[in-house]
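*Asks:*
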Amino acid sequence: MQNSVAIFVLMVLWSVVFRAESIEDPRYARILNYEYENSDPKMYYFKYETSNGIFREEYGKIVLINNEEIMVVHGRYSYLGDDNMLHTVNYVADDKGYRIEKDQETEYHFSGGDGGGGSAIVAQRPISSNAVKTLQGGYGIG
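Residues -22 to -1, 1 to 120, numbered by mature numbering (1 follows the signal peptide of the UniProt record, and there is no 0), are exactly what the sequence shown covers, in order.
1. On the premise that residue 35 lies in contact with residue 53, defined as a C-beta separation below 8 Å, what is that separation, rounded to the nearest angstrom?
2. Using DSSP's beta-bridge definition, name the partner residues of residue 27.
3. In the structure shown, what three-state DSSP assignment does residue 68 receive?
4. When we look at the beta-carbon of residue 76 and count the other beta-carbons within 10 Å, is it buried (16 or more) or exposed?
5. Give me whichever residues DSSP pairs with residue 49 in a beta bridge.
6. Is the beta carbon of residue 41 sitting closer than 8 Å to the one on residue 51?
7. Taking the alpha-carbon positions, what's the residue 15 to residue 7 distance?
8. Identify, in the order they occur along the chain, each residue of the same chain with its Cβ nearer than 7 Å to the Cβ of residue 24, setting aside the five sequence neighbours on each side.
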């Protein structure tokens, strides 16, 4: 009887430890918040946040530049780096290409969602390979 109780207790402890490890594993990250608006064919807005610290917000709008319709995109993304610091990158993409905005404080006033905006500090170091994989549609792991 004592052996079966001891085995049961060990199994319970093992399952608790295993469960705690799987919660921290980025493969088990959950989407905490997701918004998407596309009611106008010439503009869009989306925002999401995951349980492993990834955040992204983007607003795109077609504008007329030199008599040509161009999609102009403003956005920002954040991720928890290997140094356990939250890194935020602000960017713009337009007829001049994709650019990271270097200003230390940049205000965005998104018309979608909750009105968005706020200031963010731009990361002054390279983007981690996990963040790049996530932005490319991968899982950002391994």
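Here a beta-carbon is modelled for each residue, glycine too, at the ideal position from N, C-alpha and C.
As the structure is a computational prediction, the values presented were derived from the model and not from experiment.
*Replies:* According to the structure shown:
1. The residue labelled residue 53 in the question sits at position 75 within the sequence shown. The residue labelled residue 35 in the question sits at position 57 within the sequence shown. Going by Cβ atoms, the distance from residue 53 to residue 35 rounds to 6 Å, so yes, they are a contact pair.
2. Numbered from its first residue, the sequence shown carries residue 27 at position 49. For residue 27, which the question treats as bridged, DSSP gives the partners 11 and 33.
3. If you number the sequence shown from 1, residue 68 lands on position 90. Here residue 68 sits in strand by DSSP.
4. Numbered from 1 along the sequence shown, position 98 holds the residue referred to as residue 76. It is exposed - the Cβ of residue 76 has fewer than 16 other Cβ atoms within 10 Å.
5. Here the question's residue 49 lines up with position 71 in the sequence shown. DSSP, once it has assigned bridges, lists 40 as partnering residue 49.
6. As a first step, residue 41 must be located in the sequence shown, where it is residue number 63. As a first step, residue 51 must be located in the sequence shown, where it is residue number 73. No, the pair does not count as a contact, with Cβ atoms beyond the cut-off.
7. Here residue 15 refers to the residue found at position 37 of the sequence shown. Here residue 7 refers to the residue found at position 29 of the sequence shown. Residue 15 and residue 7 have their C-alpha atoms spaced approximately 23 Å apart.
8. One-based indexing of the sequence shown puts residue 24 at position 46. Excluding residues within five positions, the ones whose Cβ falls inside 7 Å are 13, 14 and 36.
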